[in-house]
Amino acid sequence: MCLDLCCRGHPVSRRSRILAPLPERRSAVPNTVLVTREPPIAVVQLNRPDVLNALNEEVLGELVTALGTLDDDGEIRCIVLTGNERAFAAGADIKQNFVTATPVTMLAQDLTARWEAIRRVKTPIVAAVSGFALGGGCELAMTCDIIVASETAKFGQPEINLGIIPGAGGTQRLTRAVGKWVANEMILTGRFVGAQEAKSIGLVAQVYPAASWLQDAKTLARTIAEKAPVAARLATEAVDLAWNSTLDAGLEFERKAFYLLFATEDKKEGVDAFVNKRKPTFKGK
């Protein structure tokens, strides 16, 4: 959401330190999105620290490109999406996006296609949130498969303070995550939710210490990357279907995916490793 309005009354400490640049091995993605390959994982970092990683068309376009490239990379089995210590993303860039916006100009941007492209990435994505995840930033985190947070994280959907509502899935995904009553309270008041409360209401899977949040998120990603890749992709798709369809449709997909996996080399490897009490080596086949 709003960089100016969202943070009003919630000052960012001047002592907050911008996260040190990620290690080298980056791809040639423009500077508002940085990609670091550390096979079998990759880190995608939003990189507009001067505006708390506020989202605009350029950032979303580069993010879609980066995630799409990694999704096609056979060496990458899990992606960590992050910002810096002060902000995951403080929402939409209001000065660029909303000041002169009309219904016609908003429709012309076709932002829905970009958000859908992010949601449809099949490689598991862990959103590692430190600082602000507000409005579009919170919505971006909710498109990921898992959200983990630094103890400094703050989540919110404060669009109502601008006279609008969440427009990138916030009303739907937040409600599915935390329930109708909590979602309405957050959306209608614009209130920020801290990391521990976010975990208690089901928005966040884990809360990590501020000193190690990114390393802890990468450790989680590596744990996921060790699992059978085909099964991991189908698992996230099945869980998403539980959100987006009827129980019957979700169960039908689950059964088909379950049976399909019995034809994979990874299934044979996993069972053989279990029987012979060794660690499996999955190949994604």
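Just so we're aligned: 135 in my numbering is position 132 of the sequence shown, and the numbers increase by one with no gaps anywhere. Idealized CB from N, CA, C, for every residue including glycine.
Short Cβ contact (8 Å threshold) for residue i with residue j
| i | j | result |
| --- | --- | --- |
| V207 | A198 | yes |
| A152 | W118 | no |
| A224 | C81 | yes |
| L49 | N56 | yes |
| V196 | G139 | no |
| L237 | L217 | no |
| L70 | A130 | no |
| P169 | E142 | yes |
Assigned exposure category for residue i - 16 Cβ within 10 Å defines buried
| i | result |
| --- | --- |
| A266 | exposed |
| V210 | buried |
| E65 | buried |
| E255 | exposed |
| A252 | exposed |
| D269 | buried |
| A221 | First, the residue type needs correcting, since residue 221 is Lys and not Ala in the sequence shown. Its Cβ being crowded by 16 or more others within 10 Å, K221 is buried. |
| T249 | exposed |
| A31 | Low local confidence applies: a pLDDT of 45 at A31 is under 50, so the model's placement there is unreliable, and no value is given. |
| G94 | buried |
| L191 | exposed |
| R281 | exposed |
| P42 | exposed |
C-alpha distance - residue i paired with residue j, whole-angstrom precision
| i | j | result |
| --- | --- | --- |
| A116 | T155 | 31 Å |
| V185 | T178 | 8 Å |
| I167 | A144 | 20 Å |
| A231 | K202 | 27 Å |
| E229 | A180 | 27 Å |
| S133 | A235 | 26 Å |
| E188 | G77 | 42 Å |
| F135 | K157 | 5 Å |
| E61 | I44 | 24 Å |
| I149 | R123 | 14 Å |
| P283 | I79 | 18 Å |
| V233 | L165 | 43 Å |
| L137 | F277 | 43 Å |
Start-to-end residues for the beta strand (DSSP E) that takes in residue i
| i | result |
| --- | --- |
| V124 | Looking at the DSSP string, V124 is not in any beta strand (DSSP E), and its letter there is neither H nor E. |
| V36 | V36 to E41 |
| S153 | I149 to S153 |
| G159 | K157 to G159 |
| L137 | F135 to L137 |
| T85 | C81 to T85 |
| I44 | I44 to L49 |
Residue i: CB within 7 Å of a non-hydrogen atom of the ligand NAP
| i | result |
| --- | --- |
| I167 | With respect to small molecules bound, the structure shown includes none, and the ligand NAP cannot be examined in it. |
Rounded distance between the beta-carbons of residue j and residue i, thought under 8 Å
| i | j | result |
| --- | --- | --- |
| T39 | L73 | The pair is not a contact, with the Cβ atoms about 11 Å apart (cut-off 8 Å). |
Residue i, enclosing alpha helix (DSSP H) - first and last residue
| i | result |
| --- | --- |
| V233 | P232 to N247 |
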